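FYI, the numbering for the sequence shown is 75 to 380, going by my numbering.
Even for Gly, the Cβ is constructed at its ideal location relative to N, Cα and C.
Remember, it's a predicted structure, so these values are computed and weren't measured experimentally.
One structure is given below, encoded as structure tokens.
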Amino acid sequence: MDDARIYTNLARLIALKQYAVKIRLSASYRPAGMLSGQHASRLRGSGLNFEELRQYQDGDNIRQIDSRTSARLGKPYVRIYSEETDRPVSIVIDQRLSMFFGSVDKTKSVVAAEVAALFAWMAHSAGDRVGGLVIADKIHQISTKRTSRGVLQLLETIVTANNQLSLDPIKASNNPQTSIFSQVKPWLSSLNNQSVVILITDIEGLAEDDINELEVIHHKANVLLFIVQDPLEVDISRAHGLSVSQGQQQINIQANSDSQNKFDQLYQAKLQRLEKALVASTLPIGLVNTTDPVDLQIATLLQGHK
75 MDDARIYTNL ARLIALKQYA VKIRLSASYR PAGMLSGQHA SRLRGSGLNF
125 EELRQYQDGD NIRQIDSRTS ARLGKPYVRI YSEETDRPVS IVIDQRLSMF
175 FGSVDKTKSV VAAEVAALFA WMAHSAGDRV GGLVIADKIH QISTKRTSRG
225 VLQLLETIVT ANNQLSLDPI KASNNPQTSI FSQVKPWLSS LNNQSVVILI
275 TDIEGLAEDD INELEVIHHK ANVLLFIVQD PLEVDISRAH GLSVSQGQQQ
325 INIQANSDSQ NKFDQLYQAK LQRLEKALVA STLPIGLVNT TDPVDLQIAT
375 LLQGHK
């Protein structure tokens, strides 16, 4: 498990903290990925913080006028508030068998772990509470905490699940792939409007009906969806001549028109249906590939639209 392209490690996830402090998930955001919803979204906070008392200006909300101060000073003064940003941030990360694949650089499971780590450190640096769910052979829940130790607990759980991934036929047969949403739906439904949920999976982890249901939950809590994709999933013709290995076993792939057509009918058709569902959706979603640096991708997705 020394190859960091195949399996992640705690040191790597901790090192991402230096990049996370440069990225901010602002209250008003719109991911810049091609599957982004039509509308800019706004994170709902847990309350309001009083910022200042100043003289009334054109455009101010008259309901924020402080009548007592205004009467004493003989001029209208308003109380200015900002949205409180202390939120419970829960990161739901898929570390099941379909994520254990990579054709160029890293496996999807490693990229997902790095995305999760970036958001965990990002939330921690903003003073938010961090926790989440790691979906592997079973669901591992980490309660939200404001301490760095809480972030480390989440990352350690991710690393453990990631390092247990294997293409062993026996383990694979005991790891049926179902929608990640179907596994966490009861938990998601229990969240309040202060919560932020970062859901990280691949296209195999989504069912078509999930988008509509996630959108309903997004109106209650703040849900951001990130789909990890490998270049080979987008274009199977890239597979021609590639060798796939697991331990001592190696298979040479010969792509042809028949296999390309079959793949298009399955994967591409599903992706197109999801795209269609997302075009009219307010659910924010971003695509993350397995080749470019994850920190640059996330910065682009979150800061691509101001």
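Taking all protein chains shown into account, residue 164 has 16 or more neighbouring C-beta atoms within 10 Å of its C-beta and is therefore buried.
With a beta-carbon spacing of about 6 Å, residue 285 and residue 357 fall inside the 8 Å limit used to define contacts. Secondary structure note for residue 214: its beta strand (DSSP E) is the uninterrupted segment 213-219. In the DSSP assignment, residue 275 forms a beta bridge with 301. One alpha carbon belongs to residue 362, the other to residue 166, and they sit about 15 Å apart.
Rounded to the nearest whole angstrom, the CA to CA distance from residue 191 to residue 127 is 39 Å. Non-local C-beta neighbours of residue 292 in its own chain, meaning closer than 6 Å and more than five positions away in sequence, comprise 357, ordered along the chain. By DSSP's assignment, residue 270 forms a beta bridge with 163 and 296. Looking at the backbone, the Cα of residue 149 and that of residue 129 are separated by about 7 Å. With contacts defined by Cβ atoms closer than 9 Å, residue 272 and residue 255 do not form a contacting pair.
Residue 91 and residue 178 have their C-alpha atoms spaced approximately 25 Å apart. Taking every protein chain shown into account, the CB of residue 136 has fewer than 16 other CB atoms within 10 angstroms, so this residue is exposed.
In summary, residue 201 is exposed, with fewer than 16 beta-carbon neighbours lying within 10 Å of its beta-carbon over all protein chains present. Residue pairing for residue 363: DSSP places it in a beta bridge opposite 303.
Per DSSP, residue 241 lies in no alpha helix (DSSP H) segment and is marked neither H nor E. DSSP, read as helix, strand or coil, puts residue 88 in helix. Between residue 168 and residue 275 the beta-carbon gap is near 4 Å, inside 8 Å, which marks them as a contact. A straight line joining the alpha-carbon of residue 260 with that of residue 228 spans about 21 Å.
Per DSSP, residue 376 is not a residue of any beta strand (DSSP E); the alpha helix (DSSP H) it occupies stretches across 368-377.
Beyond the five residues adjoining it in sequence on each side, residue 345 comes within less than 8 Å, by CB distance, of 277 in the same chain, given in chain order. Per the C-alpha coordinates, the member of 151, 219 and 186 positioned closest to residue 87 is 186. Taking residue 233 as the centre and dropping the five residues before and after it, the same chain places the C-beta of 82, 83, 84, 87 and 187 closer than 8 Å to its C-beta, in chain order.
If only uninterrupted alpha helix (DSSP H) runs of at least 4 residues are considered, those enclosed by the region 168-215 are 182-199. Taking the CA atoms as reference points, residue 305 sits about 13 Å from residue 173. Between the C-alpha atoms of residue 295 and residue 196 there is a straight-line separation of about 19 Å.
When the alpha-carbon of residue 348 is set against those of 282, 238 and 198, the nearest one is in 282. Our two residues, residue 236 and residue 290, have alpha carbons roughly 30 Å apart in a direct line. Annotated as proximal: residue 220 and residue 204, with beta-carbon spacing under 9 Å.
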